[in-house]
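4 protein chains.
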Amino acid sequence: MTPGNANSPDRGEAAPGAATGSGVASDELNALRDDLVAANRILVRQGVLDAFGHVSSRVAPGMDRFLLSGNLAPGSVTASDLLVHDLEATTSAERSLYLERFIHAEIYRRRPDVMAIVHSHSASVIPLGVTSTPLLPIIHMAGFLPTSGTAVFEISDHAGDASDLLITSSSLGASLAEALGDDAVILMRGHGSVAVGASLPEAVYRAVYTEVNARTQLQALALGTPRYLSSGEASTAARSVGGQTARAWNVWREEARPTTAE
Amino acid sequence: MTPGNANSPDRGEAAPGAATGSGVASDELNALRDDLVAANRILVRQGVLDAFGHVSSRVAPGMDRFLLSGNLAPGSVTASDLLVHDLEATTSAERSLYLERFIHAEIYRRRPDVMAIVHSHSASVIPLGVTSTPLLPIIHMAGFLPTSGTAVFEISDHAGDASDLLITSSSLGASLAEALGDDAVILMRGHGSVAVGASLPEAVYRAVYTEVNARTQLQALALGTPRYLSSGEASTAARSVGGQTARAWNVWREEARPTTAE
Amino acid sequence: MTPGNANSPDRGEAAPGAATGSGVASDELNALRDDLVAANRILVRQGVLDAFGHVSSRVAPGMDRFLLSGNLAPGSVTASDLLVHDLEATTSAERSLYLERFIHAEIYRRRPDVMAIVHSHSASVIPLGVTSTPLLPIIHMAGFLPTSGTAVFEISDHAGDASDLLITSSSLGASLAEALGDDAVILMRGHGSVAVGASLPEAVYRAVYTEVNARTQLQALALGTPRYLSSGEASTAARSVGGQTARAWNVWREEARPTTAE
Amino acid sequence: MTPGNANSPDRGEAAPGAATGSGVASDELNALRDDLVAANRILVRQGVLDAFGHVSSRVAPGMDRFLLSGNLAPGSVTASDLLVHDLEATTSAERSLYLERFIHAEIYRRRPDVMAIVHSHSASVIPLGVTSTPLLPIIHMAGFLPTSGTAVFEISDHAGDASDLLITSSSLGASLAEALGDDAVILMRGHGSVAVGASLPEAVYRAVYTEVNARTQLQALALGTPRYLSSGEASTAARSVGGQTARAWNVWREEARPTTAE
Numbered sequence: 000m001t002p003g004n005a006n007s008p009d010r011g012e013a014a015p016g017a018a019t020g021s022g023v024a025s026d027e028l029n030a031l032r033d034d035l036v037a038a039n040r041i042l043v044r045q046g047v048l049d050a051f052g053h054v055s056s057r058v059a060p061g062m063d064r065f066l067l068s069g070n071l072a073p074g075s076v077t078a079s080d081l082l083v084h085d086l087e088a089t090t091s092a093e094r095s096l097y098l099e100r101f102i103h104a105e106i107y108r109r110r111p112d113v114m115a116i117v118h119s120h121s122a123s124v125i126p127l128g129v130t131s132t133p134l135l136p137i138i139h140m141a142g143f144l145p146t147s148g149t150a151v152f153e154i155s156d157h158a159g160d161a162s163d164l165l166i167t168s169s170s171l172g173a174s175l176a177e178a179l180g181d182d183a184v185i186l187m188r189g190h191g192s193v194a195v196g197a198s199l200p201e202a203v204y205r206a207v208y209t210e211v212n213a214r215t216q217l218q219a220l221a222l223g224t225p226r227y228l229s230s231g232e233a234s235t236a237a238r239s240v241g242g243q244t245a246r247a248w249n250v251w252r253e254e255a256r257p258t259t260a261e
Numbered sequence: 000m001t002p003g004n005a006n007s008p009d010r011g012e013a014a015p016g017a018a019t020g021s022g023v024a025s026d027e028l029n030a031l032r033d034d035l036v037a038a039n040r041i042l043v044r045q046g047v048l049d050a051f052g053h054v055s056s057r058v059a060p061g062m063d064r065f066l067l068s069g070n071l072a073p074g075s076v077t078a079s080d081l082l083v084h085d086l087e088a089t090t091s092a093e094r095s096l097y098l099e100r101f102i103h104a105e106i107y108r109r110r111p112d113v114m115a116i117v118h119s120h121s122a123s124v125i126p127l128g129v130t131s132t133p134l135l136p137i138i139h140m141a142g143f144l145p146t147s148g149t150a151v152f153e154i155s156d157h158a159g160d161a162s163d164l165l166i167t168s169s170s171l172g173a174s175l176a177e178a179l180g181d182d183a184v185i186l187m188r189g190h191g192s193v194a195v196g197a198s199l200p201e202a203v204y205r206a207v208y209t210e211v212n213a214r215t216q217l218q219a220l221a222l223g224t225p226r227y228l229s230s231g232e233a234s235t236a237a238r239s240v241g242g243q244t245a246r247a248w249n250v251w252r253e254e255a256r257p258t259t260a261e
Numbered sequence: 000m001t002p003g004n005a006n007s008p009d010r011g012e013a014a015p016g017a018a019t020g021s022g023v024a025s026d027e028l029n030a031l032r033d034d035l036v037a038a039n040r041i042l043v044r045q046g047v048l049d050a051f052g053h054v055s056s057r058v059a060p061g062m063d064r065f066l067l068s069g070n071l072a073p074g075s076v077t078a079s080d081l082l083v084h085d086l087e088a089t090t091s092a093e094r095s096l097y098l099e100r101f102i103h104a105e106i107y108r109r110r111p112d113v114m115a116i117v118h119s120h121s122a123s124v125i126p127l128g129v130t131s132t133p134l135l136p137i138i139h140m141a142g143f144l145p146t147s148g149t150a151v152f153e154i155s156d157h158a159g160d161a162s163d164l165l166i167t168s169s170s171l172g173a174s175l176a177e178a179l180g181d182d183a184v185i186l187m188r189g190h191g192s193v194a195v196g197a198s199l200p201e202a203v204y205r206a207v208y209t210e211v212n213a214r215t216q217l218q219a220l221a222l223g224t225p226r227y228l229s230s231g232e233a234s235t236a237a238r239s240v241g242g243q244t245a246r247a248w249n250v251w252r253e254e255a256r257p258t259t260a261e
Numbered sequence: 000m001t002p003g004n005a006n007s008p009d010r011g012e013a014a015p016g017a018a019t020g021s022g023v024a025s026d027e028l029n030a031l032r033d034d035l036v037a038a039n040r041i042l043v044r045q046g047v048l049d050a051f052g053h054v055s056s057r058v059a060p061g062m063d064r065f066l067l068s069g070n071l072a073p074g075s076v077t078a079s080d081l082l083v084h085d086l087e088a089t090t091s092a093e094r095s096l097y098l099e100r101f102i103h104a105e106i107y108r109r110r111p112d113v114m115a116i117v118h119s120h121s122a123s124v125i126p127l128g129v130t131s132t133p134l135l136p137i138i139h140m141a142g143f144l145p146t147s148g149t150a151v152f153e154i155s156d157h158a159g160d161a162s163d164l165l166i167t168s169s170s171l172g173a174s175l176a177e178a179l180g181d182d183a184v185i186l187m188r189g190h191g192s193v194a195v196g197a198s199l200p201e202a203v204y205r206a207v208y209t210e211v212n213a214r215t216q217l218q219a220l221a222l223g224t225p226r227y228l229s230s231g232e233a234s235t236a237a238r239s240v241g242g243q244t245a246r247a248w249n250v251w252r253e254e255a256r257p258t259t260a261e
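Chains as they are written, first to last, in numbering that gives the first Met the number 0: chain P, 0 to 261; chain W, 0 to 261; chain H, 0 to 261; chain C, 0 to 261.
Given below as structure tokens:
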């Protein structure tokens, strides 16, 4: 990792929260940057992100700021690409930003419990958002999915029948955040999904296992009527297995380490 | 990359457009060669090309010349293998050429807007060309696909019932180009598909996301009747997402970089 | 491999079976540790384990001790992470242990013939444990699967309808071991499976080919009513092909060798 | 590659055909060994062979000898592991041999046109040998498959209902060879398939594209009734595309090159 570039308005090493524009000490912010670079690499390796999609992290609990890369493929993101965004989804950097940064801003606004967000187009999840078959928790690793069926955001209800399906405004972000409610995951018809977490490892874990659960469900549906997790099982498993996310995060982080010095 | 071999009639560094036989400055042609080598590598890495299929680029807007490798597996193509072809699909090089180079020649002839073409056998696309189920845009990344169903070129209508299914003549290439019309993609029954673009990154992007869309559609069809993109959504998404192809091209190009000096 | 850390209560080089806490000579135990590290790597490479699941080996025939890693992703396990567990699933090490170590303890308790156990969430197996379609041997490599249908452990029969689906106690482990009976494999609804063997290579082989068989069965079921192995074929194939597991183990071990010194 | 070990009864550098036990000059035999090592690596990389299966080559046209590895996983095979077998499937080497070497011996006996044979368990092919749905050519790359349906060898007709499904005798090999007839490929129920060719590259090509065709057919069948190649198309395509196998062989051979000196 290259050290922070003190000339950047978003990354300075000055007084806590001042030059960083984030309200937190630069040490903490640098550690978070490293984690977020790792999260980008992990999600690419796990097949959740490809050249598109993004992952963000709230700067600190209770803060109205979040770290998100400028407009870049996840596999290319380095620490210096991570910009502090506010809840209007603006930054002080003069760079091209992700078109759909409003997903992050509006969910952080409505969900103080959310510390990290992944937006992806992962392959097996999309089919479960385009028919009347709902995404349901079928493996104990995915107890965080709603047992009443994962909500699908139908963008034409909000943007009309000729949109580009993208969340390109605060207003559309707000509608999506409202549809998410208190859930961990929401699908977006013909587009992808969003997974949120109380920490970066949790959001990454949920994005990965939403994909794994969807793949399992697709195969099980071909065999007959699957037995899904009961609501009791889902909530117990979510607590129990959720406590093991560090194990996944640690090995994924190790595997996703850059192989050459950067 | 080895520098251009000035002895080759197709690659010289002489006066613009003269020794190159292409009508453009050799600097530009060399840059295009590098991009086309990258496109070959990218399409192999993305699983669109394997030992077969090919990608070409028009030499410059309005020109009746295009760059295409001699008869070689895409993963083996280097800058010196790229030959300037004319619209009769001939070159000045004494090398074995692709049997199906007429696909490229005839599409460039009919479509002045097309600057690059990919012909592939990518796995999930072929099934959607052999039954009555049409390939339709189901993800916002594939708004370039026709919402009335992607055309399937039925070669037996043009070459009879005992052909090798290959486009091995100007006449068959012309029939295929006519069937493509103004579309971005056409399927070839029992064979593969062709994707075109206004730039090399766009053609590569479309070939990759035609495959991704097909894979998604195959899975969605197993669940029920999918909701596809509306025609308004498809055209808006094609414009909007199309503007993001550079993001994909840049990261794919980086990933596909040769790991050792050549 | 780092040499054994003589300070560890579980790994000493002292008198046979004394400092090791295992009752066997430390040379043999060290060789077993190397094999078990290899088994972890192999199962990750073969796609049977990911960040979760685990593999163990009984310390020696007739012994009530087994080697299993502390709570760690399989891809991270090194020789010094392998701890001697007793049949209460406890160790003398002060480390976090796998929540589901009781799977191993209770099967070793009931099955003196079992020398190694793999617990995994491998992808194609889970769908065959959530509908009424049973996992059956369809390829000669999987003659070890019961021709009457592989048993599915329904945890709600033992832990009620609001469990986390995990085997987190001796009591649940005992129920699972009882359901396994004399079989080689048991499925766990919405969770995964367990494969056992008379040696570490056999258990690894069975875990890999349970997944391969399941994948084949899923595809065959989409075509019609498959012809499965007859019970005579299954038992003959299990003996015959079982004699070839060394071939697989040797090449897998070679492929899974660490690429850099550790 | 290590040079030939002159001490081996099967690999000497003495007078043509003498010490080699093969009746051909040792130079030619060494070149063939290199090709066969490459074929093993290629088929592993292409996912046709895993730890099991094997590939052989007749020593020279008209000869009753063939080269095949001793009992070893394909990924481990080196030049010194390749043994000259006669049509009784015996060798002069004191090594463990493949249980199913009789597949090769008996096909070479009946098919003088066959110069190379691949026996594999490739994943998508097996499902098409266990139901009443036949494997049919659906892509132009697989015109070598019979348009009347690829034959399935039902071993219980020859070895009874309690065999291990393996071809472990000259008698079973002869039955399989007879069932193959003049075809290029035969399936073996619950086991795998055999592909033959007039050269090693052709047999390898056919094994790879039998798998690709099967995968495509499985997906197409999920959509409706596919249009397969007509018999005229299949035979024309087999001739035409068959002429392009060198392109595939060359790039596959390059990709499968060992990365470190052996």
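By construction, the Cβ of each residue, glycine as well, lies at the ideal position given by its N, Cα and C atoms.
Just so we're clear, the structure is a prediction, and the values are computed from it rather than from any experiment.
DSSP, reduced to helix, strand and coil, places G74(C) within a helical segment of the structure shown.
Counting along the chain, the unbroken alpha helix (DSSP H) around V36(P) starts and ends at 25–44.
Here DSSP, grouped into helix, strand and coil, assigns D181(H) to coil. Residues of the segment 115–130 of chain H that bring their beta carbon within less than 8 Å of a beta carbon in chain P comprise H120, A122, S123, I125, P126, L127, V129, T130, in sequence order.
In chain order, H139, M140, G142 place their CB closer than 7 Å to the CB of V240(H), counting only its own chain and leaving out the 5 sequence neighbours on each side.
A residue is called buried when at least 16 other Cβ atoms come within 10 angstroms of its Cβ; D34(W) meets this threshold and is buried. Contact between S121(C) and G196(C) does not hold, since the beta-carbon distance rounds to 16 Å and is not under 8 Å. Assignment of D156(C) by DSSP, reduced to helix, strand and coil, places it in the helix class. Going by beta carbons, G172(W) and I125(W) fall outside the 8 Å limit. Taking 8 Å as the cut-off, the beta carbon of R100(P) is found no closer than this to the beta carbon of I154(P). Apart from the 5 residues on each side of it in sequence, I41(C) sits with its Cβ closer than 7 Å to the Cβ of V203, W251, R252, A255 in its chain, given in chain order. Given a length threshold of 3 residues, each whole run of the beta strand (DSSP E) inside the segment 176–240 of chain W is given here in chain order: 184–187, 191–196.
Boundaries of the beta strand (DSSP E) harbouring I116(C): 115–119, taken from the DSSP string.
Interface with chain P (8 Å Cβ-Cβ cutoff): A247(H) is excluded. Looking at the backbone, the Cα of Q218(H) and that of D49(W) are separated by about 24 Å. Within chain H, the C-beta atoms nearer than 8 Å to that of T132(C) come from L222, G223, in chain order. Residues of the same chain with a CB within less than 8 Å of the CB of G148(C), apart from the 5 flanking positions on each side, are P133, L134, L135 in chain order. If you look at F65(H), you'll find it in the beta strand (DSSP E) that goes 64–68. Measuring C-alpha to C-alpha distances from A88(W) to each of A104(W), R205(W), G159(W) identifies A104(W) as the nearest. Remark: C-beta atoms of F65(C) and S56(C) approach each other more closely than 8 Å. The C-beta of A176(H) comes no closer than 8 Å to any C-beta of chain P. Ranked by how close their Cα comes to the Cα of A178(H), the residues L81(H), T90(H), R246(H), H157(H) have H157(H) in first place.
Using a Cβ distance threshold of 8 Å, A92(W) and S229(C) do not count as a contacting pair. The beta-carbon of N70(H) is placed less than 8 Å from the nearest beta-carbon of chain P. According to the DSSP assignment, H103(H) belongs to the alpha helix (DSSP H) that extends over 100–109. Taking 7 Å as the cut-off between beta carbons, the residues of the segment 147–162 of chain C near chain H are D160, A161, S162, in sequence order. Interface criterion met: the Cβ of V250(P) is under 8 Å from a Cβ in chain H. Around the CB of A30(P), fewer than 16 other CB atoms lie within 10 Å, so the residue is classed as exposed. For a Cβ distance threshold of 9 Å, residue set A72, G74, S75 of chain H lies close to E253(P), ordered along the chain.
In this structure, A115(C) keeps its C-beta atom at 8 Å or more from the C-beta atom of S234(C). The residues G128, T149, V151, S192, in chain order, have a CB closer than 6 Å to that of L186(H) in the same chain once the five nearest residues on each side in sequence are set aside.
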